Amino acid sequence: MEKIKIMLIEDHNVFRQGLKQLLELENNMSVVAEAGSCQEALAKLTPDIDVILLDIGLPDGDGLDLAVQIKNKYPNIKHVALTTYDDPIFIKKAMECGVKGFVPKYAFFDEIKSAVLMTSRGGSYLYPGLNTETLLHLSDVGLSDKEMNILSLLASGKNQKEIASDLYMSLSTFRRRLRDIFTKLNVHSVEEALTVAVKRGIIK
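Take the sequence shown: its position 197, counting from 1, is numbered 197 in UniProt numbering, and each next residue is one higher.
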């Protein structure tokens with residue numbers, strides 16, 4: 001199994017080294033680069049990196065500005081912000097800068113691991129402990145028209161087999177679409193997907 005290649009950008013050495021050791025214990029993850037500043041990060045950046053765990057407050061610059069620079073150079077690299085902020089305006093700004101995951105530094109390691117996994121697969125990750133107001137301000141989740149239609153049909157009470165038939169797709173194709181929706185909304189069940197979709201105004 002190919003490992004997810006991770007870069008750590010964090011100026012606190014003890015925190016960075018501790019996080020690196022935990023990530024290296026995972027069978028599917030490998031820390032291939034680390035940096036303590038914007039300048040060092042840009043010098044060590046390589047196109048084969050999958051996910052960057054990024055501290056927003058760096059000694060020589062803004063982590064969000066750095067994310068934009070990296071995105072412009074290597075658009076396939078995913079970013080997860082290690083942050084102390086949960087303000088909706090900040091989160092929205094970070095998303096506009098290309099950040100796909102948000103985890104506070106006080107979170108358990110499992111949350112950081114989940115953020116790495118979700119973003120590496122093309123999804124987004126918002127730490128469950130962040131306030132509900134934040135969820136209400138995040139409208140762009142990257143759902144296609146067909147995926148939004150699936151959510152609407154699920155909300156109407158139809159079961160999966162009925163919806164698959166209505167959309168002229170096999171049940172296995174429908175379930176694959178459903179998994180894609182779960183990834184994009186950072187949920188694990190239909191009930192969670194519908195709850196988040198209503199909160200974000202995706203469905204009424």
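Built from N, CA and C at the ideal position, the CB exists for glycine as well.
Because the structure is a prediction, the values reported are computed rather than measured.
* Which value, in whole angstroms, describes the spacing of the CA atoms of K184 and L53? -> CA-to-CA, the gap between K184 and L53 works out to about 19 Å.
* From which residue to which residue does the alpha helix (DSSP H) around L117 run? -> Element bounds for L117: F109 to S120.
* When the Cα atoms are used, what is the spatial distance from I9 to H188? -> Note on geometry: alpha-carbon atoms of I9 and H188 lie some 29 Å from one another.
* To do: Using DSSP bridges, identify the partner residues of I6.
  => Beta-bridge pairing by DSSP links I6 to V31 and V51.
* Should H137 be labelled buried (16 or more other beta-carbon atoms within 10 Å of its own) or exposed? -> Caution applies to H137, whose pLDDT of 49 falls short of 50 and renders its modelled position unreliable; the value that the coordinates give is listed next. With a threshold of 16 other beta carbon atoms within 10 Å, H137 falls short and is exposed.
* Ends of the alpha helix (DSSP H) at K73? -> From DSSP, the alpha helix (DSSP H) with K73 extends over G63 to K73.
* Residues that DSSP places opposite Y125 in a beta bridge -> Residue pairing from DSSP places Y125 in a beta bridge opposite G101.
* **Distance CB(Y125)-CB(S114) smaller than 8 Å** => Their beta carbons are under 8 Å apart, which means Y125 touches S114 by this criterion.
* To do: Label V14 either buried or exposed according to how many other C-beta atoms from any shown protein chain fall within 10 Å of its C-beta, with 16 as the threshold for buried.
  => Around the beta carbon of V14, fewer than 16 other beta carbons lie within 10 angstroms, which makes this residue exposed.
* Asked: For G157, does the three-state DSSP call read helix, strand or coil?
  -> Correct three-state label for G157: coil.
* **Those residues which DSSP pairs with A81 across a bridge** => Answer by DSSP bridge pairing, in chain order: L54 and F102.
* Pair within 8 Å by beta-carbon distance, L23 and I6 -> L23 places its beta carbon less than 8 Å from that of I6.
* Does DSSP classify D180 as helix, strand or coil? -> Helix.
* With burial defined as no fewer than 16 other Cβ atoms inside 10 Å of the residue's Cβ, what is the status of K93: buried or exposed? -> That one is exposed.
* **Straight-line Cα distance separating K158 from L178** => Computed Cα separation, rounded: 14 Å.
* Asked: Which two residues bound the contiguous alpha helix (DSSP H) that contains G18?
  -> Where G18 is concerned, the enclosing alpha helix (DSSP H) stretches over N13 to E24.
* Do you know whose CA, among D145, G18 and I150, lies nearest E34's CA? -> Per the C-alpha coordinates, the member of D145, G18 and I150 positioned closest to E34 is G18.
* Asked: Considering only the beta carbon of each residue, do D166 and L154 sit closer than 8 Å?
  -> Taking a C-beta distance under 8 Å as the contact criterion, D166 and L154 do not qualify as a contact pair.
* Neighbourhood of F182 by C-beta distance below 7 Å, restricted to the same chain and skipping five residues each side -> The answer, listed in chain order, is H188 and A193.
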